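Residues in the sequence shown are numbered consecutively from 39, following the working numbering. Here is the structure we will look at, set down as structure tokens.
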Amino acid sequence: DRLIPRLPTHRSYLVIEFPGHGLSSPIPHGMVYQYETFLYVLLFVIKKFNWKRVSLLGHSLGAMISYTFAATFPDRCEMVISVDLIKPDTVSRRFDAKLFIRDIKHLYIADKRNQENSEPPSYTYDDLIKRRHANKTFSMDIESVRFLMNRGSVPSKSDPNKYYYSCDARLK
39 DRLIPRLPTH
49 RSYLVIEFPG
59 HGLSSPIPHG
69 MVYQYETFLY
79 VLLFVIKKFN
89 WKRVSLLGHS
99 LGAMISYTFA
109 ATFPDRCEMV
119 ISVDLIKPDT
129 VSRRFDAKLF
139 IRDIKHLYIA
149 DKRNQENSEP
159 PSYTYDDLIK
169 RRHANKTFSM
179 DIESVRFLMN
189 RGSVPSKSDP
199 NKYYYSCDAR
209 LK
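Laid out in structure tokens, this is it:
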């Protein structure tokens with residue numbers, strides 16, 4: 039119960055789950071996720087509801103998108119609240135072909151798995167939590183990771199004792 043936030047009731051809230059995250063639908067097969075896609079999704083939602091100004095609260099990638107939105111459209115953004123992000127990504131001028139080739143291979147494997155509707159690697163729930171907690175890009179305590187995994191994991195259909203991450207593996 040202590041993990042459930044109590045938000046003011048005099049405001050309206052909309053939680054956006056970007057494509058491929060949590061339980062949202064992934065992008066079509068054969069396509070790749072780009073940073074600009076998520077910025078466009080945010081702008082699309084804001085325009086759809088005809089909001090003139092917004093306040094944004096984002097976690098991780100959502101925080102990066104919020105910062106970018108505020109910097110790109112300062113007249114449309116009231117404030118940004120960032121959770122678990124120090125600063126938006128910056129682009130390195132150094133291109134590493136080995137890393138690029140590795141990432142393209144992983145992207146191909148993830149896309150093929152999606153097309154075949156096969157499951158990604160699965161783990162016991164405790165191992166899944168430990169793996170996510172050990173990820174150095176997350177600086178969360180274990181209880182916060184458990185809370186995030188409510189939407190961030192799915193039970194395996196092939197082994198009822200195992201789980202896998204629900205996000206589209208092409209996001210990696």
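Cβ atoms here follow ideal geometry from the backbone N, Cα and C, with glycine treated the same way. Predicted model, so just to flag it, every value in this text is computed and none were measured.
Inset, instruction - My understanding is that Y201 touches P159, with C-beta atoms under 8 Å, so please give their C-beta distance in whole angstroms. - result: The Cβ separation is near 10 Å, so there is no contact.
Inset, instruction - Write down the C-beta distance between S98 and L123 rounded to the nearest angstrom, noting that I regard them as a contact closer than 8 Å. - result: 6 Å
Legend entry - Contact between the stretch 59-66 and the stretch 79-92 (3+ Cβ pairs under 8 Å): no
Inset, instruction - Could you have a look at V79 and say whether DSSP puts it in helix, strand or coil? - result: helix
Legend entry - Residue of P57, Y161, E116 minimising C-alpha distance to N199: Y161
Legend entry - Per DSSP, the bridge partner or partners of V92: C115
Inset, instruction - Return the CA-CA distance between F138 and L61, expressed in angstroms with no decimal places. - result: 28 Å
Legend entry - Exposure of I84, with buried meaning 16 or more beta-carbon neighbours within 10 Å: buried
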